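Asker:
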Amino acid sequence: MNHFMKTVSLLMVMLICVLSGCKNQSGSNGTFEIGDKTFLLNGKPFIIKAAEIHYTRIPVEYWEHRIQMCKALGMNTICIYAFWNIHEQKPGEFDFSGQNDIAAFCRLAQKNGMYIMLRPGPYVCSEWEMGGLPWWLLKKEDIQLRTNDPYFIERTRIYMNEIGKQLADRQITRGGNIIMVQVENEYGSYATDKSYIAKNRDILRDAGFTDV
72 MNHFMKTVSL
82 LMVMLICVLS
92 GCKNQSGSNG
102 TFEIGDKTFL
112 LNGKPFIIKA
122 AEIHYTRIPV
132 EYWEHRIQMC
142 KALGMNTICI
152 YAFWNIHEQK
162 PGEFDFSGQN
172 DIAAFCRLAQ
182 KNGMYIMLRP
192 GPYVCSEWEM
202 GGLPWWLLKK
212 EDIQLRTNDP
222 YFIERTRIYM
232 NEIGKQLADR
242 QITRGGNIIM
252 VQVENEYGSY
262 ATDKSYIAKN
272 RDILRDAGFT
282 DV
């Protein structure tokens, strides 16, 4: 009987831990902020323990398994890139279905109690062709990538608006699990144009990412 009670007590503790880890993953609105010395999730200190999964590189049938493996390793967050040249292979034609359903990946992560750090680019590096930039951008001979070049900014804005349609409502303040959104990627090793970064920040905000 004593062994039985110890087992029951242990199971109860495990259940409480699981429930406390998932309480903000139930679809209710939450908050994520920068505190004095730490991040704050719903007003409480939160340490980000992040893994990275590239949904385009993993068959959709294995997405949930990979997410569960990350959680089993003790992670609480998954970083994901959004690959522009996968979602817009031809100008103006967007694909967010099947293998490219980034919103479905985020929902699976939330189902398994994991948060998302979104890294939409426009450039993502990731050892991916053109760092995720579509090849057809180069059809405009005088284009200057990753600058305030009007055509590049125009196409970036169009793309980010589509990303916003897919994911803006997945922000934690709207019941989703996206806690952070990155502006550009590894830009400091490429250039130092702060106005370009500010422009990308504003584009993301205009696309609906106003709460993270």
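With the sequence shown counted from 1, adding 71 to any position gets you the numbering used here.
Backbone N, C-alpha and C define an ideal beta-carbon position, used for all residues, glycine too.
Bear in mind the structure is a predicted one, so any value in this text is a computation, not a measurement.
Note the first and the last residue of the continuous beta strand (DSSP E) segment covering Met251.
Answerer: Where Met251 is concerned, the enclosing beta strand (DSSP E) stretches over 249 to 252.
Asker: Which full runs of the alpha helix (DSSP H) of 4+ residues lie inside the region 135 to 176, going along the chain?
Answerer: If we require 4 residues or more, the alpha helix (DSSP H) runs fully inside the region 135 to 176 come out as 155 to 158.
Asker: The beta strand (DSSP E) spanning Arg190 covers which residue range?
Answerer: Segment 186 to 190, the beta strand (DSSP E) holding Arg190.
Asker: For Trp155, is the classification buried or exposed, using 16 other Cβ atoms within 10 angstroms of its Cβ as the cut-off for buried?
Answerer: Trp155 comes out buried.
Asker: Between the C-alpha atoms of Ala174 and Thr244, what's the straight-line distance to the nearest angstrom?
Answerer: Near 16 Å, if we compare the C-alpha coordinates of Thr244 and Ala174.
Asker: What residue from Asn100, Glu104, Ala121, Asn171 has the CA that sits closest to Val131's CA?
Answerer: With distances taken between Cα atoms, Val131 lies closest to Asn171.
Asker: So what's Asp273 in DSSP terms, helix, strand or just coil?
Answerer: Here Asp273 sits in helix by DSSP.
Asker: In whole angstroms, what is the alpha-carbon distance linking Gln160 and Lys108?
Answerer: If I take the Cα positions, the gap works out to 42 Å.
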